[in-house]
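> Chains A and B supply the protein sequences, listed in that same order. Position one of the first sequence corresponds to residue 290 (my numbering), numbered consecutively onward. Position one of the second sequence corresponds to residue 290 (my numbering), numbered consecutively onward.
There are 2 protein chains.
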Amino acid sequence: MDNGSERARARRSVKRDAILKALLQSKSHPSAEHIYNLLKQELPDLSLGTVYRNLSLFREEGLSISVGVVKGQERFDGNVSPHSHLFCSCGAVVDIDGIGIDEELDIKASLLSGCEITGHEIVFHGLCPECKNKKERSGGN
Amino acid sequence: MDNGSERARARRSVKRDAILKALLQSKSHPSAEHIYNLLKQELPDLSLGTVYRNLSLFREEGLSISVGVVKGQERFDGNVSPHSHLFCSCGAVVDIDGIGIDEELDIKASLLSGCEITGHEIVFHGLCPECKNKKERSGGN
DNA sequence: GCCTCAAATAATAATAATTCTTATTACTGA
DNA sequence: TCAGTAATAAGAATTATTATTATTTGAGGC
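1) Using a C-beta cutoff of 9 Å, does PHE413 of chain B count as contacting chain A?
2) Can you confirm whether CYS377 of chain B, when its beta carbon is compared against all beta carbons of chain A, has any partner nearer than 9 Å?
3) Alpha carbon to alpha carbon, how far is PHE347 of chain B from VAL340 of chain A?
4) Who are the neighbours of LEU416 of chain B on chain A, taking C-beta pairs under 7 Å?
5) Here's a check: name, in chain order, each residue in its chain whose Cβ is nearer than 7 Å to the Cβ of GLY293 of chain A, leaving out the five neighbours to either side.
6) For the segment 361-386 of chain B, which residues have a beta carbon sitting closer than 9 Å to at least one beta carbon of chain A?
7) Of all the CB atoms in chain A, is at least one closer than 9 Å to the CB of GLU349 of chain B?
8) Answer yes if the segment 386-402 of chain B comes into contact with the segment 351-358 of chain B, meaning at least three C-beta pairs across the two stretches below 8 Å, and no otherwise.
9) GLN314 of chain B to LEU401 of chain B, Cα distance in whole Å?
10) Alpha carbon to alpha carbon, how far is LEU416 of chain A from GLY428 of chain B?
11) Hey, which unbroken runs of the alpha helix (DSSP H) at 4 residues or more fall wholly within the segment 308-355 of chain B?
12) I need the boundaries of the beta strand (DSSP E) containing ASP384 of chain A, first residue and last residue.
13) Please check if any C-beta of chain A sits within less than 9 Å of the C-beta of GLU410 of chain B.
14) In the structure shown, what three-state DSSP assignment does SER373 of chain A receive?
15) If distances are taken between C-alpha atoms only, which option among B:SER336, B:HIS414, B:GLU419, B:ASP391 comes closest to ILE406 of chain B?
16) Starting from the Cα of HIS318 of chain A, find the closest Cα among A:LYS423, A:GLU419, A:ALA381, A:HIS414 and give me that residue.
17) DSSP state of ASP491 of chain B, grouped into three classes?
18) How many Å lie between ILE324 of chain B and ASP384 of chain B at the Cα?
19) Report buried or exposed for CYS379 of chain A, applying the criterion of at least 16 other Cβ atoms within 10 angstroms of its Cβ.
20) With H, G and I counted as helix, E and B as strand and the rest as coil, what does DSSP make of GLU393 of chain A?
21) Within a Cβ cutoff of 6 Å, which residues of the same chain sit near GLU363 of chain B, ignoring the five residues on either side of it in sequence?
22) Whose C-beta lies closer than 8 Å to the C-beta of LYS316 of chain B among residues of the same chain, with five residues either side of it excluded?
23) Roughly how far, in whole angstroms, is the beta-carbon of HIS414 of chain B from the beta-carbon of GLY403 of chain A, given that I think they are within contact range, below 8 Å?
24) Within 10 angstroms of the Cβ of GLN387 of chain B, are there 16 or more other Cβ atoms? Answer buried if so, exposed if not.
25) Under the DSSP definition of a beta bridge, which residues are partnered with GLU410 of chain A?
26) Going straight from the alpha carbon of SER373 of chain B to that of ILE411 of chain B, what length do you get?
27) Distance check for ASN343 of chain A and ALA307 of chain A, CA to CA, integer angstroms please.
28) So LEU335 of chain B packs on LYS304 of chain B, CB below 8 Å; how close in whole Å?
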């Protein structure tokens, strides 16, 4: 087989690399705008459209995932291994590691629904550590 | 009988009732636009803003939930009892009933992360029955 | 039956996120 | 060097959602 076509995609690109690196290093599950603001300093001629474009590419290539939409903005994660997230009412998205994925659930759901299930994720709701502390300090609970 | 203050809120509103009824009857987890198109026939002077406004109210009042954003559009569900959903790549959202919520998970996640967890949901990915059939008929597995 | 008040509504303007378009630039292979 | 291709920036266009404003509706008191 001819991997010329392979070589043809996803080569050279300073900005692509910077966007991917920023995504991989971030723990905050950033939005496109978030990454744009982060990189604008070191890459002043970066455009928001380029960030959107590359984030879409990463997702298609399996280099990243979308963890959901918060306040209208899509949030991304460079950690593609299966793990869970908590969505805080303040807008923060927090990794929840250590919750195993029960593959039996997919089989069960498939039988129950007649759907073809390729996987699942667990979405937690509540308060991130900061908001939890703030609430406790102000007398709640 | 006189419970004036009760009567004072959420009384009269043909449109509110129609929107709520459409949401409760729908199994497709409609978007605001979806409901608007549905009701426009019987209520020609319904406005999209009214649909958005009432869907927000329902969510605040606990009469409905948001199940997520698909292709930029928020999708709602009048079934507020805990249950799971499958998100198909075609945009369909399918109820997955019969998957119990494991409350132990919330406690475990809380201990693991330092977050305050108020609940969780399971989000399945895959193909809805229609897309599954289509795929099988066209030869793929 | 009229009047007043408050809430619901429609229409539309405004806003915000995302996608699309176009021209330009940079790299690659011949 | 040159042609071809992909990446890019900038901004226009699109789309979903929210905010604003004036109007309408219905309830209750007179």
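Heads up, the beta-carbon is just placed ideally off N, CA and C, and yes, glycines get one too.
Short version:
1) yes
2) yes
3) 35 Å
4) CYS404, GLU405
5) Because the pLDDT of GLY293 of chain A is 29, which lies under 50, any placement of that residue in the model is unreliable, and the number read from its coordinates should be weighed accordingly. The answer is none, since no qualifying residue turns up.
6) GLY361, GLU363, SER373, LEU375, CYS377, VAL383, ASP384, ILE385, ASP386
7) no
8) no
9) 39 Å
10) 47 Å
11) 321-329, 337-350
12) 382-385
13) yes
14) strand
15) B:ASP391
16) A:ALA381
17) It is not possible to answer for residue 491 of chain B, since the shown part of chain B is limited to 290 through 430.
18) 18 Å
19) exposed
20) helix
21) SER355
22) ASP384
23) Going by Cβ atoms, the distance from HIS414 of chain B to GLY403 of chain A rounds to 15 Å, so no, they are not a contact pair.
24) It should be noted that the sequence gives Gly, not Gln, for residue 387 of chain B. With fewer than 16 Cβ atoms within 10 Å of its Cβ, GLY387 of chain B is classed as exposed.
25) B:VAL412
26) 5 Å
27) 10 Å
28) 6 Å
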